[in-house]
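Read the structure below first, then the notes.
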Amino acid sequence: MDHNENMKKACDLAELSVKNGAGPFGCVIIDKNTGKICAETHNLVTIHNNPTLHAEIVAINNASHYFCNFDLSNCILYSSCEPCPMCLAAIYWARIDTVYYGNTKEDAANIGFDDSFIYDEMKKPVSERAVQMKQISCDYPHIAFDKWVEKSDKIKY
-1 MDHNENMKKA CDLAELSVKN GAGPFGCVII DKNTGKICAE THNLVTIHNN PTLHAEIVAI
59 NNASHYFCNF DLSNCILYSS CEPCPMCLAA IYWARIDTVY YGNTKEDAAN IGFDDSFIYD
119 EMKKPVSERA VQMKQISCDY PHIAFDKWVE KSDKIKY
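Counting from -1, one number per residue, gives the positions in the sequence shown under our numbering.
So, in structure tokens, the structure goes:
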């Protein structure tokens, strides 16, 4: 597996993203078993007006479709930039255990993509965060949870 070639592909996709009017981020996901690309994409936030369409999120989505599986533990992710908190969480949920990246989060902050406030917010108690979050105590939320606990054929993730 050629790490430089895979990183170059992710960075080429980041350049294509800028050309297409989106943020300068690209991502490639490789199948560990074959060394082949199973997903490659770039940031689509401004193209689709969706703040969640970071390159890593789109690539994870595409790789999950490719494998017909949400478990991507057989994959390696290459990103042109250190993943943001949202993308990092998705990487954990997808069970990807190896990530290679180019630019750092500090490099991203220097060009206007500063995620430090999110990292800072996550350290605060819920009551002190900038986004107001208030629990509504009632019986309704527990119904689906109870059904999940009782379900014998559930697919755990």
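Where a beta carbon is used, it is the ideal one built from N, C-alpha and C, also for glycine. Bear in mind that the values here come from a model prediction, so they are computed numbers and not experimental data.
With 16 other CB atoms within 10 Å as the buried threshold, where does Cys136 fall? Here residue 136 corresponds to residue number 138 of the sequence shown, with the count starting at 1. With fewer than 16 other Cβ atoms within 10 Å, it is exposed.
Check the C-beta distance from Ala20 over to Leu42 and give it rounded, since I have them as a contact under 8 Å. The sequence position of residue 20 within the sequence shown is 22, counting from 1. The sequence position of residue 42 within the sequence shown is 44, counting from 1. Indeed they touch by this definition, with Cβ atoms about 6 Å apart.
Nearest by alpha-carbon distance to Met84: which of Thr44, Thr50, Lys6 is it? Taking the first residue of the sequence shown as 1, we reach residue 84 at position 86. If we check each option's Cα against that of Met84, Thr50 comes out closest.
Assuming Glu54 contacts Lys7 (C-beta within less than 8 Å), just tell me the rounded distance between them. In the sequence shown, residue 54 corresponds to position 56, counting from 1. In the sequence shown, residue 7 corresponds to position 9, counting from 1. About 14 Å separates the two Cβ atoms, so there is no contact after all.
Extent of the continuous beta strand (DSSP E) to which Ser78 belongs: Here residue 78 refers to the residue found at position 80 of the sequence shown. Ser78 -> beta strand (DSSP E) spans 73 to 79.
Specify the secondary structure class of Cys85 as computed by DSSP and reduced to three states. The residue labelled residue 85 in the question sits at position 87 within the sequence shown. Looking at Cys85 - three-state DSSP - the assignment turns out to be helix.
Once you ignore the five residues that flank Ala61 on each side, which residues in its own chain have a CB closer than 7 Å to its CB? Here residue 61 is taken as the residue at index 63 of the sequence shown, counted from 1. Answer for Ala61: Ile27, Cys36, Ala37, Leu70, Cys73, listed in chain order.
Can you round the beta-carbon distance between Asn101 and Glu80 to whole angstroms, since I take them to be within the 8 Å contact cut? As a position in the sequence shown, residue 101 is number 103, starting the count at 1. As a position in the sequence shown, residue 80 is number 82, starting the count at 1. About 7 Å separates the two Cβ atoms, so the contact holds.
Rounded straight-line distance, which links the Cα of Tyr98 to that of Val16: Residue numbering aside, residue 16 sits at position 18 when the sequence shown is read from its first letter. Residue numbering aside, residue 98 sits at position 100 when the sequence shown is read from its first letter. For Val16 and Tyr98, the distance between alpha carbons rounds to 21 Å.
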